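Residue 45 in the UniProt record's numbering is what sits at position 45 of the sequence shown, and the numbering runs on without skipping anything.
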Amino acid sequence: MISKPKFKICRRLGPGVYDKCQTAKFSSSSKGSLSGGRRPKAPTEYGAQLIEKQKIRFSYGISERQLSNYVKKASHIKGAGTAEKLYESLESRLDNVIYRMGLGSSRRATRQMVSHGHFIVNNHRVTIPSFEIKTGDIVKIREGSKSKKIFENLTDRLKDYSAPVWVAFDPNNMEGKILAKPKKIETFLDLNAVLEFYSR
């Protein structure tokens, strides 16, 4: 069941922010909450950009400062590649990579997994959720964590899961590999609007 704070955030920013909001039940509840009320005002350009910024922050569970730093890093690339670089940086976070491998129900869950030291990256234990993963990196579940309840029945849990093409995970060996740079799959995120917000 989705919590009330998350429900309010989803109503304000859209269902793509949290997985639990992407249901028919949420859609009907959201519409019901608007019925009988006044039509909401169309946001200004600044307001629309602010909403897009908040979508990214809540989707990836990052702070304002972290997002600002990712934007600065991406802005070093001139031209059409800036938005792609921003997306690549966000998706390359270790907590997100674990999420994309299908090992957690949310980025919040995988962020906790990383913080608790359950993962090894290239033979080194990493406990920093924002750790940047690169193409060719090997991510393993730590030997001492394999028996944890959160990793039980991985083969069955992942049999119907389709990971993005740039990442792979072998549940039998409990390890994954980064095959390529992340490709944009989150269509509800307007990265260019976020870049424009920070360029003001």
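Where is the CB? At the ideal position from N, CA and C, for every residue including glycine. The model shown is predicted, which means the values in this text are computed figures rather than measured ones.
Is it right to say residue i is buried, meaning 16 or more other beta carbons lie within 10 angstroms of its own, or is it exposed?
| i | result |
| --- | --- |
| Pro129 | buried |
| Ile138 | exposed |
| Ala168 | exposed |
| Arg107 | buried |
| Ile77 | exposed |
| Ser105 | exposed |
| Ile185 | exposed |
| Glu143 | exposed |
| Tyr161 | exposed |
Compare the beta carbon distance of residue i and residue j with 9 angstroms and say whether it is the shorter of the two.
| i | j | result |
| --- | --- | --- |
| Gly117 | Lys177 | no |
| Ala163 | Met113 | no |
| Leu158 | Trp166 | no |
| Tyr198 | Ser115 | no |
| Thr155 | Asn172 | yes |
| Tyr87 | Leu189 | yes |
| Phe151 | Leu103 | yes |
| Leu191 | Glu52 | yes |
Relative to the alpha-carbon of residue i, which residue among the options has its alpha-carbon at the smallest distance?
| i | options | result |
| --- | --- | --- |
| Glu175 | Val121, Gln112 and Ile133 | Val121 |
| Ser89 | Tyr161, Lys159 and Tyr60 | Tyr60 |
| Val97 | Val71, Glu132 and Tyr198 | Glu132 |
| Val194 | Thr82, His76 and Glu143 | Thr82 |
| Ile56 | Pro43, Asn173, Ile141 and Glu91 | Glu91 |
| Pro119 | Arg111, Lys134, Lys140 and Lys149 | Before going further, note that residue 119 is Phe rather than Pro in the sequence given. Ranking the options by Cα distance to Phe119, first place goes to Lys140. |
| Asp95 | Thr127, Lys148 and Pro182 | Thr127 |
| Lys134 | Leu50, Ile62 and Arg93 | Arg93 |
Helix, strand or coil for residue i, going by three-state DSSP, please let me know.
| i | result |
| --- | --- |
| Val167 | strand |
| Lys177 | strand |
| Gly61 | coil |
| Pro182 | coil |
| Ser199 | coil |
| Thr82 | helix |
| Ile51 | helix |
| Leu90 | helix |
| Ile56 | helix |
| Asn172 | coil |
| In chain order, which beta strand (DSSP E) runs of at least 3 residues are fully inside the UniProt domain "RNA-binding S4" (92 to 156)? | If we require 3 residues or more, the beta strand (DSSP E) runs fully inside the UniProt domain "RNA-binding S4" (92 to 156) come out as 119 to 121 and 138 to 141.
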